[in-house]
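Participant: Have a look at this one before I ask anything.
Number of protein chains: 2
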Amino acid sequence: MAKDGKKADRRPGGRVKAQKSVKKRSAEVRAVPDGPGGYVADDRPDVVVVVDVSYFAVDRGALVVLLVERTRQPDAGRWAVPGAVLEPDEVLTDAAARAVVARAGILEPFTRVEQLAVFDAGDRDPRTRVVSTAVLAVTSTAAAPAGGALASGRWWPVGAIGTPAGPSLAFDHLDIVTTGIERLRARLELTDFATALVEEPFTLGELRRAYDVVWGVELEPANFRRKVLATPGFVVPTAGKRIVGTGRPADLYLRGGGAVLHPPIPRQR
Amino acid sequence: MAKDGKKADRRPGGRVKAQKSVKKRSAEVRAVPDGPGGYVADDRPDVVVVVDVSYFAVDRGALVVLLVERTRQPDAGRWAVPGAVLEPDEVLTDAAARAVVARAGILEPFTRVEQLAVFDAGDRDPRTRVVSTAVLAVTSTAAAPAGGALASGRWWPVGAIGTPAGPSLAFDHLDIVTTGIERLRARLELTDFATALVEEPFTLGELRRAYDVVWGVELEPANFRRKVLATPGFVVPTAGKRIVGTGRPADLYLRGGGAVLHPPIPRQR
DNA sequence: TGAATAGTGTCTTTCAGACAATATGGA
DNA sequence: TCCATATTGTCTGAAAGACACTATTCA
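So this is what it looks like as C-alpha cells:
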C-alpha cells in the first residue's frame with residue numbers, strides 16, 4: 006500500500022522556472038500552490054529549514070549529549086546541538102550526519118536515528134524564520150571529537166544541564182535536548198532502541214545498565230533478562246561469553262532486527 | 006523510525022541538483038551558518054516548507070479522512086490531504102488550520118492537533134524540493150465542506166483507500182494518510198485522544214465505539230468502562246443521562262484535562 | 001414482554017515485581 | 001575462601017479478558 010504511493014509520486018516532471026515579476030503572492034493563493042508557476046524561487050516565503058541533532062550516548066555510567074560551543078553571535082559562548090541548513094538534494098538524516106561531522110568533529114556514524122519533532126516557534130532564531138526539524142540519534146561509542154578547527158563538540162552529561170557547572174544552552178536548544186531525552190526514554194520502553202546504545206556484542210547486564218542510566222532506575226536483573234529474551238527480535242544470542250570484571254561470565258548477544266515490545270518494558274507506575 | 010531508514014535510501018536524482026543556484030556556497034560553510042551574513046536571502050537553499058494535514062473523524066461508524074481533489078497538474082484528478090505553504094509569520098498548527106479552511110472548505114476547528122512526521126524525500130514533488138511537516142488532526146464532527154470555489158474537500162472512509170471505488174492519492178500522500186492512521190491508533194492506546202473524536206457530552210458507549218472504529222475491533226464494554234473510569238483525568242462525569250435508542254440510559258461525560266494512560270488501553274496481543 | 005444497551009460482580013489467566021537459590025568467574 | 005555478577009526458580013499481587021448477571025429504556 007505504501008509502496009504504491011511512493012511509486013506514484015516518482016514522476017519525471019520538469020520544473021518550470023520562474024519569471025514572476027511580482028515578488029510575493031497573497032496568503033490565499035499561497036495556500037493553493039498548484040499552478041505551473043507554483044513554488045518558484047521568487048515566490049517562496051522566507052523560511053529556512055535546519056536540521057538539529059539531539060545526539061546521545063552512554064559514557065561511564067552517565068547519559069551524555071553532544072553539544073557544540075557557539076563562537077559567533079547570537080548566543081556566542083553558549084552551547085547548541087549540532088545543526089545544519091538542509092540542502093535541496095539531501096534528506097534529514099543525511100543533513101544530521103553532516104552536522105555532527107562538520108560541527109562537532111564526530112566521525113562515527115549514528116547507531117540509530119529517527120525523527121524527533123519540529124520546532125516552529127516564530128522567534129526561535131533572532132536572525133530570520135528558522136524551522137528546525139530535530140532528529141533523535143544515538144551511538145554506542147561516545148568517541149572524543151576529532152581535532153580540527155570545527156571540532157568544538159563535547160559530550161555533556163545530561164545531569165549537568167541546568168546546574169552552574171553545566172552548559173548554558175543557546176536559542177531553544179534546551180527544549181530540543183529535553184524533548185530528545187524524553188523521547189529516548191519512551192523509545193526504550195516500546196522498542197529495542199537500547200541496543201543502539203551498547204557495542205556489539207553485548208551482555209544483558211550491559212543492556213540493562215543502559216536502561217538504568219537512561220531511566221535513572223535500577224531494573225531487576227532476573228526480570229529484565231526474562232523480558233528481553235521473551236521478546237522476539239530483541240536480541241540474538243551468540244555462542245560467546247565475556248568476563249567483565251568479577252562475577253560469572255555473561256552470555257553475549259547481538260542486536261535483533263528491530264523489535265516492537267508488546268507488551269513494553271514497564272517504566273514508573 | 007523505519008520510515009526514516011527507507012527514505013534515507015532514496016536519493017534524489019541529478020534533476021534537483023542541477024537547479025542549484027550558482028550563488029550558493031559550499032555545503033561545509035552552510036553547515037556553520039553563524040556569521041552575520043548567515044541566512045540571507047541569496048544564500049538560502051531552494052527548500053519549500055509545506056504543512057500537510059492528516060485530518061480524521063468518525064462518521065456513521067467509519068473512520069474518515071479529509072481529502073481534496075487536485076484540479077491542476079501535477080497529479081490532477083487525484084486526491085491530496087489539505088496543505089499549505091508555511092508563511093514566515095505563522096506556526097505549523099495555524100498553517101494547518103488555514104489549509105483545511107482554504108482548501109477543503111471546512112470551517113470547524115480541530116478538536117485536537119499535533120505533529121505527525123516530516124516527509125523529506127527529495128523527489129516527493131516533481132516541481133521543486135518540498136519538505137512536508139505533516140500534522141495529525143481530528144474533529145468530533147465530520148461536517149460537510151462549505152460551498153465555494155475552493156470547497157473541493159470530501160471525507161473519505163479510510164477503508165475505501167486502495168480499493169477501485171476509493172480515491173487515488175497524489176504524490177506521497179498515501180504515505181501521509183497511512184502514517185496518520187497508525188499514529189492515531191497509537192495515540193488512542195496511550196492518551197485520551199479518543200475523546201477528541203466524540204462530541205461533548207458523550208457516553209462511554211460512544212467513546213468505546215470510537216475505539217472500535219479506529220482499531221477495527223470490538224472492545225468489551227464492561228472492561229472498557231472500568232479502565233476509562235480508573236484513569237484519572239480521562240473523562241469527567243456529569244449529572245446527565247442520555248437515551249440513544251433502545252436500552253438503558255447512559256451516563257454522560259466530558260473530556261478530561263488530557264490524560265496519559267498508565268498503563269495503556271491494550272491493543273492486540 | 002422481548003430486544004437492546006448500560007452498568008456491576010466475579011473468576012481465570014497473564015505478567016510484572018520481589019526475592020531466594022544456584023552457577024561461575026576473580027581476588 | 002569470599003565477593004561479585006549471571007542465571008534459574010518460585011511466589012505474590014495487579015490487571016486484562018471473559019462472561020454471568022442486573023438495570024432500564026423502547027417497541
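Residue numbers (this note's numbering), protein chains in the order written: chain A, 6 to 274; chain B, 6 to 274.
Every residue, glycine too, gets a C-beta built ideally from N, C-alpha and C.
Computed from a prediction, not measured in an experiment: that's the story for all the values here.
If residue 80 of chain A and residue 175 of chain A are in contact, beta carbons under 8 Å, what's the gap, nearest whole angstrom?
Facilitator: Their Cβ separation, rounded to whole angstroms, is 4 Å, which keeps residue 80 of chain A and residue 175 of chain A in contact under 8 Å.
Participant: With 7 Å as the C-beta to C-beta threshold (strictly closer), list the residues of the region 89-111 of chain B near chain A in chain order.
Facilitator: Result list: 89, 90, 91, 92, 93, 94, 96, 97, 103, 104, 107 and 108.
Participant: Cβ closer than 9 Å: which chain B residues qualify as neighbours of residue 127 of chain A?
Facilitator: 93, 94, 95 and 96, listed in chain order.
Participant: Report all residues from its chain with a CB closer than 6 Å to the CB of residue 242 of chain B; omit the five preceding and five following residues, and keep chain order.
Facilitator: Excluding residues within five positions, the ones whose Cβ falls inside 6 Å are 258.
Participant: With distances taken from CA atoms, which of B/83, B/74 and B/98 is nearest residue 56 of chain B?
Facilitator: Out of B/83, B/74 and B/98, B/98 has the C-alpha closest to the C-alpha of residue 56 of chain B.
Participant: Could you check the C-alpha separation between residue 119 of chain B and residue 203 of chain B for me, to the nearest Å?
Facilitator: So the alpha carbons of these two residues sit roughly 17 Å apart.
Participant: In this structure, how does DSSP classify residue 121 of chain A when only helix, strand and coil are distinguished?
Facilitator: In the structure shown, residue 121 of chain A sits in a strand (DSSP, three-state: E or B).
Participant: Taking only the alpha-carbon atoms, compute the straight-line gap between residue 1 of chain A and residue 236 of chain A and give it to the nearest angstrom.
Facilitator: A query on residue 1 of chain A cannot be resolved here, the shown segment of chain A reaching from 6 to 274 and no further.
Participant: So, for residue 111 of chain A: in the same chain, excluding its five sequence neighbours on each side, which residues have a beta-carbon less than 7 Å away from its beta-carbon?
Facilitator: If we look at residue 111 of chain A and ignore the five residues flanking it on each side, its Cβ neighbours are 71, 105, 148, 150 and 158.
Participant: Strictly under 8 Å for the Cβ-Cβ distance: is residue 62 of chain A near chain B by that measure?
Facilitator: Output row for residue 62 of chain A: interface = no.
Participant: Let me make sure I understand the geometry here. Which of A/82, A/262 and A/126 has the alpha-carbon closest to that of residue 198 of chain A?
Facilitator: Taking only the C-alpha atoms, the option nearest residue 198 of chain A is A/262.
Participant: At the level of alpha carbons, what is the spacing between residue 135 of chain B and residue 93 of chain B?
Facilitator: Computed Cα separation, rounded: 16 Å.
Participant: Sort A/272, A/186 and A/209 by Cα distance to residue 195 of chain A and report the nearest one.
Facilitator: Checked all of A/272, A/186 and A/209; the closest Cα to residue 195 of chain A is A/272.
Participant: Which of the residues in the region 128-148 of chain A, read from start to end, lie with their CB under 9 Å from any CB of chain B?
Facilitator: Per Cβ criterion, the list reads 130, 132, 133, 134, 135, 136, 138 and 140.
Participant: So, with DSSP's three-state summary, where would you put residue 77 of chain B?
Facilitator: Reduced to three states, the DSSP call for residue 77 of chain B is coil.
Participant: According to a CB-to-CB cut-off of less than 9 Å, which residues of the region 219-238 of chain A neighbour chain B?
Facilitator: Going along the region 219-238 of chain A in chain order, one finds no residue with a Cβ nearer than 9 Å to chain B.
Participant: For residue 255 of chain B, go through chain A and note every residue whose CB falls closer than 7 Å to its CB, in chain order.
Facilitator: What residue 255 of chain B touches in chain A: nothing, since even the nearest Cβ is about 31 Å away.
Participant: Between which two residues does the beta strand (DSSP E) carrying residue 134 of chain A extend?
Facilitator: 134-143 is the extent of the beta strand (DSSP E) around residue 134 of chain A.
Participant: If we ignore side chains and look at the alpha-carbon of each, how far apart do residue 137 of chain B and residue 173 of chain B end up?
Facilitator: Roughly 19 Å between the two C-alpha positions.
Participant: Check the C-beta distance from residue 108 of chain B over to residue 143 of chain B and give it rounded, since I have them as a contact under 8 Å.
Facilitator: Not a contact, Cβ separation roughly 18 Å.
Participant: So which of A/128, A/207 and A/216 has the shortest CA-CA distance to residue 256 of chain A?
Facilitator: The candidate whose alpha carbon is nearest that of residue 256 of chain A is A/207.
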